[in-house]
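Visitor: Input: one structure, supplied below.
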Amino acid sequence: MPRPAVIAHRGYAGVAPENTVAAAQRAAAHEETAMLEIDVQPAACGTPVVVHDERLGERRDGRALTDATGLVWETPLEELRETRVLGTDATIPTLSELLAAVPETVGINVELKTPGTTDLRIGESLSPDERARRRAVWQPFVERVVADCRAFDGDLLFSSFCEGAIAALRAATTTYAAAPLIWDDLEAGLEIARRYDCEAIHPPRNAISGTELTATAYAGLSDEAPAVDVLAVAHDEGRAVNVWTATNWIQFDDLAAAGVDGVVADYPGLAGGSSDR
Numbered sequence: 033m034p035r036p037a038v039i040a041h042r043g044y045a046g047v048a049p050e051n052t053v054a055a056a057q058r059a060a061a062h063e064e065t066a067m068l069e070i071d072v073q074p075a076a077c078g079t080p081v082v083v084h085d086e087r088l089g090e091r092r093d094g095r096a097l098t099d100a101t102g103l104v105w106e107t108p109l110e111e112l113r114e115t116r117v118l119g120t121d122a123t124i125p126t127l128s129e130l131l132a133a134v135p136e137t138v139g140i141n142v143e144l145k146t147p148g149t150t151d152l153r154i155g156e157s158l159s160p161d162e163r164a165r166r167r168a169v170w171q172p173f174v175e176r177v178v179a180d181c182r183a184f185d186g187d188l189l190f191s192s193f194c195e196g197a198i199a200a201l202r203a204a205t206t207t208y209a210a211a212p213l214i215w216d217d218l219e220a221g222l223e224i225a226r227r228y229d230c231e232a233i234h235p236p237r238n239a240i241s242g243t244e245l246t247a248t249a250y251a252g253l254s255d256e257a258p259a260v261d262v263l264a265v266a267h268d269e270g271r272a273v274n275v276w277t278a279t280n281w282i283q284f285d286d287l288a289a290a291g292v293d294g295v296v297a298d299y300p301g302l303a304g305g306s307s308d309r
């Protein structure tokens, strides 16, 4: 069977300062990399910037994400450009800057992280009224993101844990592929994928039935067997299944054997056969 596509998580966050131009360029240089996964949210002026956490002072293994503090969307763009990521010389880039810096032979998975609020409905299938409200909250930011992405001629895939973001994307354009990110409710993720005719779905690694990974609690799911075979259902419905996040080659091999379409990976080199390592 073909090996899954390798999606570089934040530009292979295990070996480079995450979500930076330097990480993206380094990840794109690996022949195995099919796609880069990045996170976007707005600066104070609304410009889409590439950074994962809402707060600039969050920690990674004891090291501060940046040398600044405060909420990303309350910080002026000029100040964000001057921050240093994880103690390196790399800075937080705008989405436009990152897209311009990577070759269009590599796809980009743009995760819509937040429109500038902590009031998010993550992993939920929403009622019609709530869908409309949440779409309206996301719409201005999503339209800014889509506008920036139009300059990139490579493959683009948008994902989010929030139905409001997927709804806003579909309202803004039908040009690009979309995928709901699943947290703790597999049925909700599948329902969102159906509602917006999404091309893919992104479950956590322990949601894939028949793998050893299901025995470990992760990403809101318990260590019990999944209630639904999300891989089989998604494939029956014609959707790709890209799984997050592999941190070692054993996890990658387990997911590959199950037949997933893509694996979001923290490190390069996980896709090679174990005999080659």
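Residue numbers (the numbering used here): 33 to 309.
For each residue, glycine too, the CB sits at the ideal point set by N, CA and C.
Could you name the residues of the same chain whose beta carbon sits closer than 8 Å to that of Pro135, not counting the 5 residues immediately before and after it, in chain order?
Guide: Taking the first residue of the sequence shown as position 1, residue 135 is located at position 103. The answer, listed in chain order, is Ala60 and Gly186.
Visitor: I'd like the list of long-range same chain contacts for Asp308, defined as Cβ closer than 6 Å, with 5 residues on each side in sequence excluded.
Guide: To locate residue 308, count along the sequence shown from 1; it is residue 276. Because Asp308 carries a pLDDT of 44, less than 50, the predicted location of this residue cannot be relied on, and no value is offered for it.
Visitor: Going by DSSP, what residue range makes up the alpha helix (DSSP H) through Asp180?
Guide: Position 148 of the sequence shown, counted from the first residue, corresponds to residue 180. Pro160 to Cys181 is the span of the alpha helix (DSSP H), which, as asked, contains Asp180.
Visitor: Less than 7 Å between the C-beta atoms of Val178 and Thr205, yes or no?
Guide: Numbered from 1 along the sequence shown, position 146 holds the residue referred to as residue 178. Numbered from 1 along the sequence shown, position 173 holds the residue referred to as residue 205. Against a cut-off of 7 Å, the Cβ pair of Thr205 and Val178 comes out as a contact.
Visitor: For Ala45, which residues from the same chain have a beta carbon less than 6 Å from its beta carbon, with the 5 sequence-adjacent residues on both sides left out?
Guide: As a working note, residue 45 is residue 13 in the sequence shown. For Ala45, where only same-chain residues beyond five positions count, the Cβ hits under 6 Å are Asp298.
Visitor: Where does Ser306 land, buried or exposed, given buried means 16+ other C-beta within 10 angstroms?
Guide: Locating residue 306 in the sequence shown gives position 274, counting from the first residue. Note that Ser306 scores 41 on pLDDT, short of 50, meaning its location in the model is unreliable and no value can be drawn from it.
Visitor: If you run the structure through DSSP and keep just helix, strand and coil, what is Asn238?
Guide: Taking the sequence shown and counting its residues from 1, one reaches residue 238 at position 206. In the structure shown, Asn238 sits in a helix (DSSP, three-state: H, G or I).
Visitor: Let me make sure I understand the geometry here. Which of Glu63, Phe284 and Ser128 has the alpha-carbon closest to that of Arg182?
Guide: For the purposes of this step, residue 182 is identified with residue 150 of the sequence shown, where counting begins at 1. It is Ser128.
Visitor: Specify whether the stretch 34-54 and the stretch 72-89 touch according to this definition: at least 3 beta carbon pairs, one from each stretch, less than 8 Å apart.
Guide: The answer is yes - the stretch 72-89 touches the stretch 34-54, with three or more Cβ pairs under 8 Å.
Visitor: Locate the alpha helix (DSSP H) running through Phe190, then write down its first and last residues.
Guide: Within the sequence shown, residue 190 is the residue found at index 158, counting from 1. First-last for Phe190: Leu188 to Ser192, but that is the beta strand (DSSP E), not the alpha helix (DSSP H).
Visitor: So Val117 and Leu68 are supposed to be a Cβ contact under 8 Å. How far apart are they, rounded?
Guide: One-based indexing of the sequence shown puts residue 117 at position 85. One-based indexing of the sequence shown puts residue 68 at position 36. Incorrect: roughly 16 Å between the Cβ atoms, too far for contact.
Visitor: Excluding five sequence neighbours on each side, which residues of the same chain lie with their C-beta closer than 7 Å to the C-beta of Arg271?
Guide: Numbered from 1 along the sequence shown, position 239 holds the residue referred to as residue 271. Same-chain partners within the cutoff: Ala225, Cys230, Glu231, Ala232 and Ile233.
Visitor: Taking only three categories from DSSP, how would you classify Val138?
Guide: Here residue 138 is taken as the residue at index 106 of the sequence shown, counted from 1. In this structure, Val138 counts as coil in the three-state DSSP scheme.
Visitor: Measure the C-alpha to C-alpha separation of Val142 and Phe284 and round it to an integer number of angstroms.
Guide: Counted from its first residue, the sequence shown places residue 142 at position 110. Counted from its first residue, the sequence shown places residue 284 at position 252. Answer to the nearest angstrom: the Cα atoms are 22 Å apart.
Visitor: State the beta-bridge partners of Val296 as determined by DSSP.
Guide: Position 264 of the sequence shown, counting from 1, holds the residue named residue 296. Val296 is bridged to Ile39.
Visitor: Report the partner residues of Ala278 according to the DSSP bridge assignment.
Guide: Residue mapping note: residue 278 aligns to position 246 of the sequence shown, counting from 1. Bridge partners of Ala278: Ala297.
Visitor: How about Val370 and Leu218: do their beta carbons lie closer than 7 Å?
Guide: The requested residue 370 does not occur in the structure, where the chain is confined to residues 33 to 309.
Visitor: Quick one, are the C-beta atoms of Ala209 and Ile198 less than 7 Å apart?
Guide: Here residue 209 corresponds to residue number 177 of the sequence shown, with the count starting at 1. Here residue 198 corresponds to residue number 166 of the sequence shown, with the count starting at 1. For Ala209 and Ile198, no; Cβs fall outside 7 Å.
Visitor: From Leu88 to Arg166, what distance separates their C-alpha atoms?
Guide: In the sequence shown, the residue the question calls residue 88 occupies position 56. In the sequence shown, the residue the question calls residue 166 occupies position 134. Each residue's Cα considered, the two are about 25 Å apart.
Visitor: At a cut of 8 Å, does the stretch 106-121 reach the stretch 72-82 through at least three beta carbon pairs?
Guide: The stretch 106-121 is in contact with the stretch 72-82.
Visitor: Do Leu245 and Asp293 have their C-beta atoms closer together than 7 Å?
Guide: Stepping through the sequence shown from its first residue, residue 245 is reached at position 213. Stepping through the sequence shown from its first residue, residue 293 is reached at position 261. For Leu245 and Asp293, no; Cβs fall outside 7 Å.
Visitor: Name, in chain order, the residues that DSSP records as bridge partners for Gln57.
Guide: Indexing the sequence shown from 1 puts residue 57 at position 25. In DSSP, Gln57 forms no bridge with anything.
Visitor: Taking Glu175 as the reference, which of Leu144, Glu162 and Phe193 has the closest Cα?
Guide: To locate residue 175, count along the sequence shown from 1; it is residue 143. Per the Cα distances, Leu144.
Visitor: How big is the Cα-Cα spacing for Thr115 and Leu188?
Guide: Counted from its first residue, the sequence shown places residue 115 at position 83. Counted from its first residue, the sequence shown places residue 188 at position 156. Their Cα atoms are separated by approximately 27 Å.
Visitor: Just grab the DSSP bridge partners of Val117 for me.
Guide: Counting from one through the sequence shown, the residue named residue 117 turns up at place 85. Answer is Thr98, bridged to Val117.
Visitor: Checking the sheet assignment: what are the DSSP bridge partners for Ile70?
Guide: Start at 1 with the first residue of the sequence shown, and residue 70 comes out as number 38. Note: Ile70 sits in a beta bridge opposite Val142.
Visitor: Would you identify the three-state DSSP class for Ala132, choosing helix, strand or coil?
Guide: Along the sequence shown, one-based indexing puts residue 132 at 100. In this structure, Ala132 counts as helix in the three-state DSSP scheme.
Visitor: Judging by CA-CA distance, which residue of Glu156, Asn238, Arg202 and Arg237 is the nearest neighbour of Tyr228?
Guide: Taking the sequence shown and counting its residues from 1, the one referred to as residue 228 is at position 196. Per the Cα distances, Arg202.
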